[in-house]
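As structure tokens, the structure follows; a few thoughts come after it.
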Amino acid sequence: MAAYKAEDDYDYLFKVVLIGDSGVGKSNLLSRFTKNEFSLESKSTIGVEFATRSLNVEGKVIKAQIWDTAGQERYRAITSAYYRGAIGALLVYDVTRHTTFENVERWLKELRDHTDPNIVVMLIGNKSDLRHLVAVSTEDGKSFAQRENLYFMETSALEATNVENAFAEVLTHIYHIVSKKAVEAESDAAQTRVGLSTGLHRIRVLDILQIISLVCKIFHLKRIVIAGFYSLVSSAIFDPWYLVAPQFYTKYLQLYLLITDYDEGENKCHRVSKQQSTHRM
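Here the sequence shown is numbered in my numbering, starting from 57 and rising by one per residue.
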């Protein structure tokens, strides 16, 4: 998956949010991914910040709009609103601070309370470069992710380990979901068009049947005349009306020309039947 430089040219725009306690490294993950920068003097985010970057995912240009939220409790009222429209999230904890891992469940609940059920979420154990200070094992992170149906990865914004992979994987999963929904929507639309066409076709067949019934009543024709058309009309229910109708009206006109006298309708029906028998011989 390669980076894409033209920020104004893209096929999809995906909003992804970074959530987790203050100090877990969300801002440095964002700056590492979008600008390939890391700051040892990074300060706590005030309110909300965001940056963008475009990637090529399976031939499509995906523009990621990544939002970084303050982790402090006093900013909860601000950050709750920024979940709106997010279809991806990186839930970050610090592998050297177990309390940040303990709070992951609360963050996940808040995320799910404010977003679509299909949102793609990846659990991130950041600061994996501090191996000698690890307080949360990889197994614990994986176990929580599996239990909550999340993706999981350990990263280091300092060493740029798995940062690119984490964002790319989230964006790829989002793209697959969006593509699948687009295909399903197109399929549903096609079925609707077919159903509408079939419905109109059946309405036309019913109109033809009503015309037959009316004409037969006018000419005092017996059921044998209707039977002569029954097989044709039956096929019209399954065949395209524009193929059946010309044949139908041709036979209809032939019958009409043969019946010249209303009062002798029954005799004319016999005449039609006799001519058809002679023709077969």
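Glycine included, every Cβ here is placed at the ideal spot set by N, Cα and C.
The model shown is predicted, which means the values in this text are computed figures rather than measured ones.
Residues sharing a beta bridge with F89, DSSP: Looking at the DSSP assignment, F89 forms no beta bridge with any residue, so it has no partner.
Extent of the continuous alpha helix (DSSP H) to which S199 belongs: T194 to R203
Extent of the continuous alpha helix (DSSP H) run through K116: Where K116 is concerned, there is no enclosing alpha helix (DSSP H), although the beta strand (DSSP E) it sits in stretches over K116 to T125.
Sufficient close CB pairs (3 or more, under 8 Å) joining the segment 105 to 114 to the segment 218 to 232: yes
DSSP-derived helix/strand/coil call for N221: helix
8 Å contact criterion, which I118 and A145 should meet: CB distance rounded: That pair is no contact at about 16 Å.
Bridge partners - A145, DSSP secondary structure assignment: V73 and V177
Pairwise C-alpha distance: H232 and R140: 21 Å
C-beta atoms of L214 and D185 nearer than 9 Å: yes
Local Cβ density within 10 Å of L96, reported as buried at 16 or more and exposed below that: exposed
One or two residues paired with S106 in a DSSP bridge: Before going on, a small fix: residue 106 reads as Phe here, not Ser. Answer is W123, bridged to F106.
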